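Novice:
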Amino acid sequence: MFRDISFGQYYPASSPVHRLDPRIKLILTVLYIVTIFFIETYFSYLVTFVFLIVVILLSRVPMLSVLKSVKGVIFLVLFASVLNLFFVKTGEVIYEKQITSVWHFMITWDGVHNSIKLTLRLILLIAGASIITLTTTPMRLTDGVESLLKPLKLVKFPVHDVAIIMSIALRFIPTLLEETNKIINAQKARGASFDTGGIFKRAKAMLPILIPLFVSAFRRADELAFALDSRCYNATEKRTKMKKLKMHFSDLVATLITAGYATVIFLDRYYFMGLDHMFFPEVF
Amino acid sequence: MAVIEVKNLSYVYSKKTPYEKKALDNVSFEINEGEFFGIVGATGSGKSTLISHFNVLNKPQTGSVKVLGMDCSEKKNFLAVRFGVGMVFQYPEYQLFEDTVAKDVAFGPKNMKLPKEEIDRRVKESLDLVGLPYEVYGERSPFELSGGEKRRAAIAGVIAMEPKILVLDEVAAGLDPEGRDEILKLIKRLQKEKCPTIVLISHNMDDIAALSDRILVMANGKIELLDTPKEVFKNVKKMTDLGLGLPTATGMQVELASRGVKFDDVCVTFDELASQIEKIKAGGNGYVS
Numbered sequence: 001m002f003r004d005i006s007f008g009q010y011y012p013a014s015s016p017v018h019r020l021d022p023r024i025k026l027i028l029t030v031l032y033i034v035t036i037f038f039i040e041t042y043f044s045y046l047v048t049f050v051f052l053i054v055v056i057l058l059s060r061v062p063m064l065s066v067l068k069s070v071k072g073v074i075f076l077v078l079f080a081s082v083l084n085l086f087f088v089k090t091g092e093v094i095y096e097k098q099i100t101s102v103w104h105f106m107i108t109w110d111g112v113h114n115s116i117k118l119t120l121r122l123i124l125l126i127a128g129a130s131i132i133t134l135t136t137t138p139m140r141l142t143d144g145v146e147s148l149l150k151p152l153k154l155v156k157f158p159v160h161d162v163a164i165i166m167s168i169a170l171r172f173i174p175t176l177l178e179e180t181n182k183i184i185n186a187q188k189a190r191g192a193s194f195d196t197g198g199i200f201k202r203a204k205a206m207l208p209i210l211i212p213l214f215v216s217a218f219r220r221a222d223e224l225a226f227a228l229d230s231r232c233y234n235a236t237e238k239r240t241k242m243k244k245l246k247m248h249f250s251d252l253v254a255t256l257i258t259a260g261y262a263t264v265i266f267l268d269r270y271y272f273m274g275l276d277h278m279f280f281p282e283v284f
Numbered sequence: 285m286a287v288i289e290v291k292n293l294s295y296v297y298s299k300k301t302p303y304e305k306k307a308l309d310n311v312s313f314e315i316n317e318g319e320f321f322g323i324v325g326a327t328g329s330g331k332s333t334l335i336s337h338f339n340v341l342n343k344p345q346t347g348s349v350k351v352l353g354m355d356c357s358e359k360k361n362f363l364a365v366r367f368g369v370g371m372v373f374q375y376p377e378y379q380l381f382e383d384t385v386a387k388d389v390a391f392g393p394k395n396m397k398l399p400k401e402e403i404d405r406r407v408k409e410s411l412d413l414v415g416l417p418y419e420v421y422g423e424r425s426p427f428e429l430s431g432g433e434k435r436r437a438a439i440a441g442v443i444a445m446e447p448k449i450l451v452l453d454e455v456a457a458g459l460d461p462e463g464r465d466e467i468l469k470l471i472k473r474l475q476k477e478k479c480p481t482i483v484l485i486s487h488n489m490d491d492i493a494a495l496s497d498r499i500l501v502m503a504n505g506k507i508e509l510l511d512t513p514k515e516v517f518k519n520v521k522k523m524t525d526l527g528l529g530l531p532t533a534t535g536m537q538v539e540l541a542s543r544g545v546k547f548d549d550v551c552v553t554f555d556e557l558a559s560q561i562e563k564i565k566a567g568g569n570g571y572v573s
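Shown next, in the form of structure tokens:
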């Protein structure tokens, strides 16, 4: 049932993208996400698409794994774009109809472009963001977050505690998924069915899974706390790392490539005022 | 008559990913009605995957599984198969969820859509059977029971469905010796009174040897041996190499044999070993030296 969840699942492989410093990957992912929100033209989407494909190919993660993480949110994306299609009222009108005195139904070219762009934006966003979790182990990811948040220590923000909480949370996702699977199987074996009946009946059918799951999550948390205590774990002490993060030449190259990509997008928007007119003159 | 027929069954986890793992590899065998069927194998040998097929929690990928004459590949049979096969998983106490023991035991029968009186009868009967009398334990919360009691309550939840076949996965794991003895006694009683066919997975060779009619030995998703306990534990070297070991009685026998005592037959229980030694003493002809 939950085996197909791929978002956030590390895909083991040896690739330049896997070897990048997690801090650089985090920063570049943020840069990528910010850049995507500045895209205005189809030309920029094309550039983003090519950039993403190149990164995926370099990372040696199969295209299917990336698509799987997109699959999870496809309903949301389609819902948002359909709303856009119906509620944008500017631009050249394609179809209109007065349904009631207050509801004036119309579809415009602006609406069509908006919803296509929204769909592209969300898909590229999620596909791009999933690459970092697909190519970075949770441990390295938290190390990266901890290192990036270090400046906050100046204002007494408990950076290390947040990092350890995050790494524990990430560590327990697969464990709890496995546990959920076991409980589902046990209840199924007692004849429980989770996919029949109305919404209330289905929600009620989840109880036999959720209650044992919570019980065992609390039990595990207790045991973990004991284990940490018994090894004298103390988050406030100055702790050293077994695997220190180090920057390499490849990190510089990755930064330059991503910065180059972002520059193209910003130039397209602010310098050329949208290159679509040049590349697709018959459409615009 | 065979109640479970497994033919050329193979199963692969996480196909076409780097996590791909072959759990079952062309497995075929039959379990007969009224049989006590033991399954042993090292961790990761495919035992749990195999038994999850008996209850269609995994659909056969290749090959076929027939339970009580019903094909496990057909969707219309799923529920009937699940009601026909009672499954007690490892640490079954983690599946308890209701606010009283009686309600939790009633979960299975309720899913079978039985009439209320029948459900009540079964709840009382199965709680009494596992040694948690309904009057004392029925209205208590399952979460305040002790570990052994919780486990018995969970088992009651399965046998209240009155399955024809009972499958038990490591049912005595993590219990103290007394709890373990009680559970094993309970299983013997269940076979007599409720469900004649029992499949038991265990890492404890003593339990398996004493209880089983036949033993299936698995390694790396394949069947290594399938025979009576005596025939299986004759393969002393093989069982040791597989990391499974021998029943304590057989181990002692091997040890005695290496010091010159001659036995006519393999012993898998202490009773057998004792009577063999009696015989040797009486006859006085067992010693080499």
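If you read the sequences in order, they're chains A and B. Under my numbering, the final residue of the first sequence carries the number 284; numbering is consecutive throughout. Under my numbering, the final residue of the second sequence carries the number 573; numbering is consecutive throughout. No residue lacks a Cβ here, since even glycine has one placed at the ideal position from N, Cα and C. Nothing here was measured: the structure is a model prediction, and the numbers come from that model.
1) Could you round the C-beta distance between Thr100(A) and Ala262(A) to whole angstroms and report it? I think they count as a contact, below 8 Å.
2) Among Ser115(A), Val159(A), Ala127(A) and Ala205(A), which residue has its Cα nearest to the Cα of Ser65(A)?
3) Taking Cβ-Cβ distances below 8 Å as the criterion, which residues of the segment 439-467 of chain B are in contact with chain A?
4) Determine whether the Cβ of Tyr295(B) lies closer than 8 Å to any Cβ atom of chain A.
5) Which chain B residues are close to Lys182(A), counting only those with a beta carbon under 9 Å from its beta carbon?
6) Kindly list the residues whose CB is nearer than 7 Å to the CB of Asp453(B), restricted to its own chain and excluding five residues on each side of it in sequence; keep chain order.
7) Is the CB of Arg436(B) under 8 Å away from at least one CB in chain A?
8) Please state if the CB of Ile315(B) and the CB of Ile288(B) are separated by a distance shorter than 8 Å.
9) Is Pro302(B) close to chain A? Criterion is C-beta to C-beta, closer than 8 Å.
10) I'd like to know whether the C-beta of Gly191(A) is nearer than 8 Å to at least one C-beta of chain C.
11) For the segment 298-334 of chain B, which segments carrying the beta strand (DSSP E) assignment without a break, of at least 3 residues, lie completely within its bounds, in sequence order?
12) Roughly how far, in whole angstroms, is the beta-carbon of Glu377(B) from the beta-carbon of Arg435(B), given that I think they are within contact range, below 8 Å?
13) What does DSSP give as the partner residues of Asp383(B) in its beta bridges?
14) Please state the DSSP three-state secondary structure of Gly347(B).
15) Counting only beta-carbon separations shorter than 8 Å, does Tyr10(A) have a partner in chain B?
16) Quick one: grab the DSSP three-state call for Ser44(A).
17) State the CB to CB distance for the pair Val520(B) and Leu470(B), rounded to an integer number of angstroms; the pair is presumed to be in contact (CB under 8 Å).
18) Looking at Leu118(A): is its Cβ nearer than 8 Å to the Cβ of Ser81(A)?
19) By the 10 Å Cβ neighbour count, where 16 or more other Cβ atoms means buried, how is Arg258(B) classified, buried or exposed?
20) Which partner residues does Leu500(B) have in the DSSP bridge list?
21) So within the segment 434-511 of chain B, which uninterrupted beta strand (DSSP E) runs reach at least 3 residues, ignoring any that extend past its ends?
22) Whose CA, out of Val349(B), Lys472(B) and Ile467(B), lies closest to the CA of Ala457(B)?
23) Measure the alpha-carbon distance for Thr48(A) versus Asp195(A) and round it to whole angstroms.
24) Using a Cβ cut-off of 8 Å (strictly closer), state whether Leu207(A) contacts chain B.
25) What does DSSP give as the partner residues of Gly370(B) in its beta bridges?
26) Buried or exposed, going by whether 16 or more other CB atoms sit within 10 Å of the CB of Gly197(A)?
27) Return the CA-CA distance between Asp161(A) and His18(A), expressed in angstroms with no decimal places.
28) Alpha carbon to alpha carbon, what distance is there between Tyr295(B) and Glu304(B)?
29) For Phe194(A), which of helix, strand or coil comes out of DSSP?
30) If you check the beta carbons only, do Ala307(B) and Gly527(B) fall under 8 Å apart?
31) What span of residues does the alpha helix (DSSP H) with Thr532(B) cover, start to end?
32) Under DSSP, the alpha helix (DSSP H) around Gln187(A) begins and ends at which residues?
33) According to DSSP, is Ser294(B) helix, strand or coil?
34) Compare the C-beta of Asn186(A) against all C-beta atoms of chain B and say whether one is closer than 8 Å.
35) So which residues on chain A does Phe321(B) lean against when the C-beta distance must stay under 9 Å?
36) With burial defined as no fewer than 16 other Cβ atoms inside 10 Å of the residue's Cβ, what is the status of Phe321(B): buried or exposed?
Specialist: On the basis of the supplied data:
1) 47 Å between Cβ atoms; not a contact.
2) Ala127(A)
3) Gly441, Val442 and Met445
4) no
5) Phe373, Gln374, Tyr375, Tyr378 and Gln379
6) Ser332, Ile335, Val372, Phe373, Gln374 and Ile485
7) no
8) yes
9) yes
10) Protein chains in the displayed structure are A and B, and chain C is not among them.
11) 305-316 and 320-325
12) 5 Å
13) None; Asp383(B) has no bridge partner.
14) strand
15) Using a Cβ-Cβ cut-off of 8 Å, Tyr10(A) does not count as an interface residue toward chain B, since no Cβ of chain B sits closer than that to its own.
16) helix
17) In fact, because the Cβ distance is near 31 Å, the residues do not count as touching under 8 Å.
18) Yes, the Cβ-Cβ distance between Leu118(A) and Ser81(A) is below 8 Å.
19) Absent from the structure is residue 258(B), since the part of chain B shown begins at 285 and ends at 573.
20) Ile323(B) and Leu510(B)
21) 449-453, 481-485, 498-503 and 506-511
22) Ile467(B)
23) 39 Å
24) yes
25) According to DSSP, residue pairing for Gly370(B) in a beta bridge involves Leu450(B).
26) Exposed.
27) So the two alpha carbons sit approximately 26 Å from each other.
28) Cα to Cα, the separation comes out at about 11 Å.
29) coil
30) In this structure, Gly527(B) does not lie closer than 8 Å to Ala307(B) by Cβ.
31) Taken as a continuous stretch (DSSP letters only), the alpha helix (DSSP H) holding Thr532(B) covers Thr532 to Ser542.
32) Val159 to Ala189
33) strand
34) Correcting the residue type first, residue 186(A) is Ala in the shown sequence and not Asn. Interface residue, yes.
35) Correct list: empty, because the minimum Cβ distance to chain A is about 18 Å.
36) buried
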